[in-house]
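Inspection log for the structure reproduced underneath, given as structure tokens.
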Amino acid sequence: MKWSAEWIAPVKPMGDVCPEFCRQFSIEEPVRSAVLTVTAMGVYEVTLNHTRVSDDVLAPGWTSYKTRHQYQCYDVTNLICGQNTLRILLGKGWYRSPIPGWITDSHQARSQLPAALIAQLDMELESGRRLQIKTDPSWKVRESFIRFSEIYDGETADVSVPDRPLLDVQTLALGTGNLIPQQGERITEQDRIRPKEIFRTPKGETAIDFGQEVTGYVEFTVHAKAGDFIEISHAEVLDRDGNFYTENYRAAKAKLRYICRDGKQTFKPHLTFFGFRYIRLDSYPTEPSLDDFTAILVSSELRRTGTLRCGLPKLNKLFDNIVWSQRDNFLDVPTDCPQRDERLGWTGDVLAFIKTACYNYDVQKFFHKWLADLAVDQRSDGSIPHVIPDVQLGSGSAAWDDTALFAPWQLYLTYADKDILEAQFDSMNKYLSFIQNTTNDAYLWTGGTHFGDWLGLDAETGCYKGKTREVFIASAFYAYDAMLLGKIAKIIGRDPQPYEQLHQKIVEKFRATFPTYETQTEVVLALQFGITETPQEAATMLAQRVEDCGKALETGFVGTPQILYALSRHGYETLAYDLLLREAYPSWLYSVNKGATTVWEHWDGLMENGEFWSADMNSFNHYAYGSVMGWVYEEAAGIQLMEEKPGFEQVCVCPKTDRRLGWLEAQVETRYGTLFVGWKYEGDVIRHEIRTPVKTKFCMREKEYWLEPGQYVFFGPAQ
0 MKWSAEWIAP VKPMGDVCPE FCRQFSIEEP VRSAVLTVTA MGVYEVTLNH TRVSDDVLAP
60 GWTSYKTRHQ YQCYDVTNLI CGQNTLRILL GKGWYRSPIP GWITDSHQAR SQLPAALIAQ
120 LDMELESGRR LQIKTDPSWK VRESFIRFSE IYDGETADVS VPDRPLLDVQ TLALGTGNLI
180 PQQGERITEQ DRIRPKEIFR TPKGETAIDF GQEVTGYVEF TVHAKAGDFI EISHAEVLDR
240 DGNFYTENYR AAKAKLRYIC RDGKQTFKPH LTFFGFRYIR LDSYPTEPSL DDFTAILVSS
300 ELRRTGTLRC GLPKLNKLFD NIVWSQRDNF LDVPTDCPQR DERLGWTGDV LAFIKTACYN
360 YDVQKFFHKW LADLAVDQRS DGSIPHVIPD VQLGSGSAAW DDTALFAPWQ LYLTYADKDI
420 LEAQFDSMNK YLSFIQNTTN DAYLWTGGTH FGDWLGLDAE TGCYKGKTRE VFIASAFYAY
480 DAMLLGKIAK IIGRDPQPYE QLHQKIVEKF RATFPTYETQ TEVVLALQFG ITETPQEAAT
540 MLAQRVEDCG KALETGFVGT PQILYALSRH GYETLAYDLL LREAYPSWLY SVNKGATTVW
600 EHWDGLMENG EFWSADMNSF NHYAYGSVMG WVYEEAAGIQ LMEEKPGFEQ VCVCPKTDRR
660 LGWLEAQVET RYGTLFVGWK YEGDVIRHEI RTPVKTKFCM REKEYWLEPG QYVFFGPAQ
């Protein structure tokens, strides 16, 4: 893109008010083509002749703006006429909102950045002549009807007064070297959800339940008089008494305010989003009706590729909840949660969930963009920031930073994406060097500050970290990183030997240093990362530990995504199913029984007695523990990717069945077509059905069959 436009901003700052930039122009002959290119310091909305130029929302999205600031291109040929008015509304967005919620001077300074815009409209007329309208001093700006808009605190609109007067703009010498074309998926409005009920809380407040936690905003229609005031609050859950509860939003005000004009009017926010299931009508001029409200999902535009269904309704509900949490949190950045004063791209959550994410949706493009931000935000010492894009919350934790390797590797396995390995290799190698340069032991990762087994269920009272030794976790990941880099180096034509030798030495030192395992998570990592000398003994130990605590988990963010694999791959698939199907706390189905519509951050975010786990860190929309869905695809349904034939070029299907499910069906849209795997108990036999677009190895009991593309049915004895 060759930019001739200049960055423009209001001559005088407008404070919290969102500016609207305006440009009028005339065209005296037919237009053959017209393309508008635009981006901003904030999030923008464009209209040409009173018509939105795109259904994009929250553009240009969130990137590491200093080095990678996306711009968008829109074909507006059909919108051009003789007399034209181009308007661009600009909100603070991620660029200028005080992110994250833990305000410091540097983060507060973010909100003082200029409300700047750059755009150019390139037109070719039927005569062949070319015209260009670009941001320059000829543009005007005014205060818009959006009087306030931020990511955390919400939006205030006033449509009761006519347009404000036009003012001059100034140009800013900001340069365009960091501007890149749209790389990630578009953000759009998607599902529209009708409310479930309007009710009065015990405190007498008017609230609306949409029946589903959603990321986005509410659209409402109201008959009002000019100056009537509407205020809406948002919440995920109700408290034990049925009252509206917002304490877990922490500092995020999450308010929608609207000052009405005369007559019937419909409004929805323009430049922000919320995470909510419930709204409270703090002020509303008429008696509300269900027909007046709609919740709108706002998310990255991803194509659904994977589905799971089985004979247990509660498990199906869990699958639905996991998918909803992915949709709600994959909003340009893979956020941890969509509601409180955080909403950040935590690397540890991605590491836990990346496999499930790749089954449920086509996330190749989505993660290409995010990983490019990870690479440019990588610290000079090679460590990876805890969140991407980086907001200066620290770096250098095992099982968080390692996403730099785990995510590209999963994209390679799922999509045969060799390009991502090439693109991220220097970043991966730099990260391994960080470990080597900062550890106190060449073949263990000692020292440093780590999150450990975050939210481990075996944690001491008042501690967020589980009991698993941090040096154990860090060293286990160090070994696995070296092994992965050896594989990746070989794939992209680099020398794998240094990494293979390093891996061997780490494993030797690890085994000598950690002859025993003290927690469930330690056994899980030793098994899953292939660093135990006695895998079957370790698996037996893990099974015993699970049995000893009542067939329950004691793991956190590090151990939970892997524990069912560690059991089922070593002969304990029934015990793995016991954990999957457990309903008492702690379990995946506990939240389902509590009425959850998404995945919770804490197993007991809402405790049995109706009280909350905490107000400080208690999201009810956190996808990390939804990683269990990957196990159902790969172990229960048996879909196993082949490293030597990635991207489903060939596939292995080895189901691990359990009569308690009755039946299970998994379907995945691959680059080669649709793969369907299903099994069903029919008396004393199991019926297996496979529809495959590629050559497939099918395992049933002790037998193996190589299948050509086609549809197959097998029967075997029930277990």
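Going by numbering that gives the first Met the number 0, the letters in the sequence shown line up with residues 0 to 718, in that order.
Ideal Cβ placement from N, Cα and C applies to all residues, glycine included.
- In the DSSP secondary-structure assignment, V140 is bridged to F20 and L166.
- DSSP lists L35 as the beta-bridge partner residues of Y73.
- Taking a 10 Å sphere around the C-beta of V506, we find 16 or more other C-beta atoms and assign the residue as buried.
- F556 and E246 have their C-alpha atoms spaced approximately 24 Å apart.
- In this structure, H269 keeps its C-beta atom at 7 Å or more from the C-beta atom of E499.
- DSSP, read as helix, strand or coil, puts S148 in strand.
- Nearest in C-alpha terms to R468, of all of K508, Y516 and M427, is Y516.
- Take the alpha-carbon of N608 and the one of Y248: they are about 21 Å apart.
- Secondary structure within the region 264-297: the beta strand (DSSP E) runs of 3 or more consecutive residues, fully enclosed, are 273-282 (chain order).
- Contact holds between the region 428-440 and the region 392-403, because three or more Cβ pairs, one in each stretch, are under 8 Å apart.
- According to DSSP, P333 shares a beta bridge with F329.
- Note on geometry: alpha-carbon atoms of A356 and T448 lie some 28 Å from one another.
- By the Cβ criterion, the region 594-612 is not in contact with the region 659-679, since fewer than three pairs of Cβ atoms, one from each stretch, lie closer than 8 Å.
- According to the DSSP assignment, N83 belongs to no alpha helix (DSSP H) but to the beta strand (DSSP E) extending over Q82 to G90.
- Comparing C-alpha distances from G381 to each of G492, K65, G395 and F476 shows the shortest one belongs to G395.
- The C-alpha of A115 lies about 6 Å from the C-alpha of A39.
- According to the DSSP assignment, P692 belongs to no alpha helix (DSSP H), since it is labelled neither H nor E.
- Rounded to whole angstroms, P180 and M0 show a C-alpha spacing of 8 Å.
- Ranking R239, I685 and P708 by CA distance to the CA of T673 puts P708 first.
- Contact annotation, V158 with I258: C-beta distance approximately 7 Å; criterion of less than 8 Å satisfied.
- With a contact defined as Cβ atoms closer than 8 Å, D281 and Y622 miss out at about 30 Å.
- In this structure T520 is not in contact with T573, their Cβ atoms being roughly 21 Å apart against a cut-off of 8 Å.
- DSSP, reduced to helix, strand and coil, places S96 outside both helices and strands of the structure shown, so it counts as coil.
- By the criterion of at least three beta-carbon pairs nearer than 8 Å, the region 382-389 is not in contact with the region 603-620.
- Counting only residues of its own chain and dropping the five nearest sequence neighbours on each side, G451 has a CB closer than 7 Å to the CB of K464, G465, T467, E469 and I472.
- Contact between N177 and K202 is ruled out by a C-beta separation of about 50 Å, above the 8 Å threshold.
- In this structure, Q211 is the residue among K354, G183 and Q211 with its C-alpha nearest to the C-alpha of E196.
- Exclusion of the five residues before and after A251 leaves Y151, R339 and D340 as the residues of its chain whose Cβ lies within less than 6 Å of its Cβ.
- Each residue's CA atom was taken as its position, placing R308 and N315 some 6 Å apart.
- Under the three-state reduction of DSSP, D121 is assigned to strand.
- In the assembly as shown, F198 is an exposed residue. Its beta-carbon has fewer than 16 other beta-carbons within 10 Å.
- Separation of A8 and R51 (C-alpha to C-alpha, rounded to the nearest whole angstrom) is 22 Å.
- Short of 8 Å from the beta carbon of P716, and not among the five residues preceding or following it, lie these beta carbons of its own chain, in chain order: D683, V684, I685 and R700.
- Note: G305 is bridge-paired with V667 in the DSSP secondary-structure output.
- Put simply, the backbone Cα of W61 is about 22 Å away from that of A4.
- Using a Cβ distance threshold of 7 Å, K508 and Y564 do not count as a contacting pair.
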